[in-house]
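Before any comments, here is the structure.
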Amino acid sequence: MAKNFALSSAILLVTVVLVSNFRKVDAFIPNSGAYTPNLSYFFGVRPAGNVLCFERTIPKGTTTPVNVYYTNPVAAGLINFVTVNADRYAKYGFRVSILSGALGTVTLNFQLTGKAVLPYNVVFQYWCV
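For reference, each letter of the sequence shown is one residue, going 990 to 1118 in the working numbering.
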(Lines of atoms letter the chains of each structure in order from A and count residues from 1; the text may use other names and numbers.)
(Lines give C-alpha, C1' and ligand atoms only; values in the text may rest on other atoms or scores of the structure.)
Protein backbone atom coordinates (compact mmCIF):
# COMPACT_ATOMS: atom_id res chain seq x y z
CA MET A 1 0.00 0.00 0.00
CA ALA A 2 2.80 2.41 0.90
CA LYS A 3 4.61 1.55 -2.34
CA ASN A 4 1.46 2.28 -4.37
CA PHE A 5 0.98 5.59 -2.55
CA ALA A 6 4.61 6.59 -3.19
CA LEU A 7 4.33 5.58 -6.85
CA SER A 8 1.05 7.51 -7.25
CA SER A 9 2.59 10.55 -5.58
CA ALA A 10 5.62 10.40 -7.87
CA ILE A 11 3.43 10.09 -10.97
CA LEU A 12 1.29 13.01 -9.82
CA LEU A 13 4.38 15.14 -9.18
CA VAL A 14 5.85 14.34 -12.62
CA THR A 15 2.50 15.11 -14.27
CA VAL A 16 2.23 18.47 -12.50
CA VAL A 17 5.79 19.40 -13.49
CA LEU A 18 5.23 18.38 -17.11
CA VAL A 19 1.92 20.24 -17.40
CA SER A 20 3.35 23.40 -15.86
CA ASN A 21 6.37 23.21 -18.20
CA PHE A 22 4.15 22.70 -21.27
CA ARG A 23 2.43 25.99 -20.51
CA LYS A 24 5.83 27.69 -20.37
CA VAL A 25 6.86 26.08 -23.67
CA ASP A 26 3.63 27.25 -25.32
CA ALA A 27 4.25 30.79 -24.09
CA PHE A 28 7.86 30.82 -25.29
CA ILE A 29 8.58 30.07 -28.92
CA PRO A 30 12.35 30.37 -29.41
CA ASN A 31 12.18 30.72 -33.22
CA SER A 32 9.78 33.63 -33.06
CA GLY A 33 11.15 37.11 -33.59
CA ALA A 34 9.06 38.28 -30.68
CA TYR A 35 11.34 36.54 -28.21
CA THR A 36 14.65 38.14 -29.08
CA PRO A 37 15.94 41.08 -27.07
CA ASN A 38 17.35 42.71 -30.23
CA LEU A 39 15.94 46.16 -30.98
CA SER A 40 18.56 47.10 -33.58
CA TYR A 41 20.51 45.46 -36.39
CA PHE A 42 23.46 46.57 -38.51
CA PHE A 43 24.39 45.04 -41.86
CA GLY A 44 27.74 45.87 -43.46
CA VAL A 45 30.20 48.67 -42.72
CA ARG A 46 29.42 52.34 -43.31
CA PRO A 47 32.28 54.13 -45.07
CA ALA A 48 32.62 57.86 -44.43
CA GLY A 49 31.45 58.81 -47.95
CA ASN A 50 28.16 56.90 -47.86
CA VAL A 51 24.87 58.81 -47.97
CA LEU A 52 21.40 57.87 -46.79
CA CYS A 53 19.71 56.70 -49.99
CA PHE A 54 16.49 55.20 -48.60
CA GLU A 55 14.55 55.23 -45.35
CA ARG A 56 11.34 53.43 -44.48
CA THR A 57 9.46 53.41 -41.19
CA ILE A 58 7.28 50.43 -40.31
CA PRO A 59 4.68 52.01 -38.00
CA LYS A 60 3.67 50.80 -34.57
CA GLY A 61 0.60 48.54 -34.87
CA THR A 62 1.75 46.89 -38.12
CA THR A 63 1.10 43.15 -38.39
CA THR A 64 4.24 41.05 -38.94
CA PRO A 65 5.92 39.66 -40.97
CA VAL A 66 6.77 42.72 -43.09
CA ASN A 67 8.93 42.72 -46.20
CA VAL A 68 11.00 45.81 -47.00
CA TYR A 69 12.12 46.08 -50.62
CA TYR A 70 14.56 48.59 -52.08
CA THR A 71 16.40 48.86 -55.38
CA ASN A 72 18.57 51.93 -55.83
CA PRO A 73 17.63 53.64 -59.12
CA VAL A 74 21.23 54.87 -59.47
CA ALA A 75 23.15 52.02 -61.10
CA ALA A 76 26.41 52.95 -59.37
CA GLY A 77 24.71 53.47 -55.98
CA LEU A 78 25.67 50.26 -54.26
CA ILE A 79 24.09 49.57 -50.85
CA ASN A 80 26.95 49.13 -48.36
CA PHE A 81 25.30 49.54 -44.98
CA VAL A 82 21.82 49.10 -43.50
CA THR A 83 20.54 49.92 -40.03
CA VAL A 84 17.26 48.68 -38.59
CA ASN A 85 16.18 50.22 -35.28
CA ALA A 86 13.16 50.30 -33.01
CA ASP A 87 12.24 53.81 -31.92
CA ARG A 88 11.88 52.85 -28.25
CA TYR A 89 12.78 50.17 -25.74
CA ALA A 90 10.43 47.20 -25.40
CA LYS A 91 10.49 43.89 -23.57
CA TYR A 92 10.35 41.97 -26.85
CA GLY A 93 12.56 42.64 -29.84
CA PHE A 94 12.34 41.62 -33.48
CA ARG A 95 14.34 39.72 -36.09
CA VAL A 96 15.48 40.90 -39.50
CA SER A 97 16.71 38.60 -42.25
CA ILE A 98 17.80 39.19 -45.84
CA LEU A 99 15.20 37.88 -48.29
CA SER A 100 17.06 38.67 -51.50
CA GLY A 101 19.85 40.79 -52.85
CA ALA A 102 23.11 41.44 -51.07
CA LEU A 103 25.31 44.16 -49.65
CA GLY A 104 27.46 45.72 -52.36
CA THR A 105 24.62 45.58 -54.92
CA VAL A 106 21.77 47.95 -55.82
CA THR A 107 19.04 45.64 -54.47
CA LEU A 108 18.57 44.47 -50.90
CA ASN A 109 15.31 43.15 -49.46
CA PHE A 110 14.58 42.28 -45.82
CA GLN A 111 11.92 40.50 -43.80
CA LEU A 112 11.01 41.80 -40.35
CA THR A 113 9.41 39.35 -37.89
CA GLY A 114 8.39 39.89 -34.31
CA LYS A 115 5.31 40.14 -32.16
CA ALA A 116 2.10 39.69 -34.16
CA VAL A 117 1.52 43.45 -33.86
CA LEU A 118 4.57 45.71 -33.51
CA PRO A 119 4.58 47.69 -30.23
CA TYR A 120 6.99 50.30 -31.67
CA ASN A 121 8.07 51.90 -34.96
CA VAL A 122 10.93 50.19 -36.80
CA VAL A 123 13.13 52.34 -39.05
CA PHE A 124 15.13 50.88 -41.96
CA GLN A 125 17.97 53.08 -43.28
CA TYR A 126 19.90 52.12 -46.41
CA TRP A 127 23.29 53.79 -46.93
CA CYS A 128 24.78 53.87 -50.43
CA VAL A 129 27.99 54.94 -52.18
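By construction, the Cβ of each residue, glycine as well, lies at the ideal position given by its N, Cα and C atoms. Bear in mind that the values here come from a model prediction, so they are computed numbers and not experimental data.
Report the three-state DSSP secondary structure of residue 1095 (helix, strand or coil). Position 106 of the sequence shown, counted from the start, is the residue given in the question as residue 1095. It is coil, neither helix nor strand.
If you run the structure through DSSP and keep just helix, strand and coil, what is residue 1033? Stepping through the sequence shown from its first residue, residue 1033 is reached at position 44. Reduced to three states, the DSSP call for residue 1033 is strand.
Touching by the beta-carbon criterion (3+ pairs, under 8 Å), the segment 1062-1071 and the segment 1101-1109: no
According to DSSP, is residue 1051 helix, strand or coil? Against the sequence shown, residue 1051 aligns to sequence position 62. Reduced to three states, the DSSP call for residue 1051 is coil.
Could you have a look at residue 1069 and say whether DSSP puts it in helix, strand or coil? Position 80 of the sequence shown, counted from the first residue, corresponds to residue 1069. Note: residue 1069 maps to strand in three-state DSSP.
Specify the secondary structure class of residue 1056 as computed by DSSP and reduced to three states. Here residue 1056 refers to the residue found at position 67 of the sequence shown. In the three-state reduction of the DSSP assignment, residue 1056 falls in the strand class, which pools E and B.
Would residue 1101 be called buried (16 or more neighbouring beta carbons within 10 Å of its own) or exposed? Locating residue 1101 in the sequence shown gives position 112, where the first residue counts as 1. Counting other Cβ atoms within 10 Å of its Cβ, residue 1101 reaches 16 or more and is therefore classed as buried.
Determine the DSSP secondary structure at residue 1020, reduced to helix, strand or coil. Here residue 1020 is taken as the residue at index 31 of the sequence shown, counted from 1. Its pLDDT being 42, under 50, residue 1020 is placed unreliably by the model, and nothing is read from it.
Coarse secondary structure for residue 1081, derived from DSSP in three states: Walking along the sequence shown from the start, residue 1081 turns up at place 92. Here residue 1081 sits in coil by DSSP.
By DSSP's criteria, residue 1106 is part of a beta bridge. Which residues make up the other side? In the sequence shown, the residue the question calls residue 1106 occupies position 117. DSSP lists 1052 as partners of residue 1106.
Assign residue 1084 to buried or exposed, taking buried as 16 or more other Cβ atoms, counted over all protein chains shown, within 10 Å of its Cβ. Stepping through the sequence shown from its first residue, residue 1084 is reached at position 95. So residue 1084 ends up on the buried side.
Within 10 Å of its beta-carbon, does residue 1053 have 16 or more other beta-carbons around it, so buried, or fewer, so exposed? Taking the sequence shown and counting its residues from 1, one reaches residue 1053 at position 64. Classification of residue 1053: buried, given that the 10 Å Cβ count is 16 or more.
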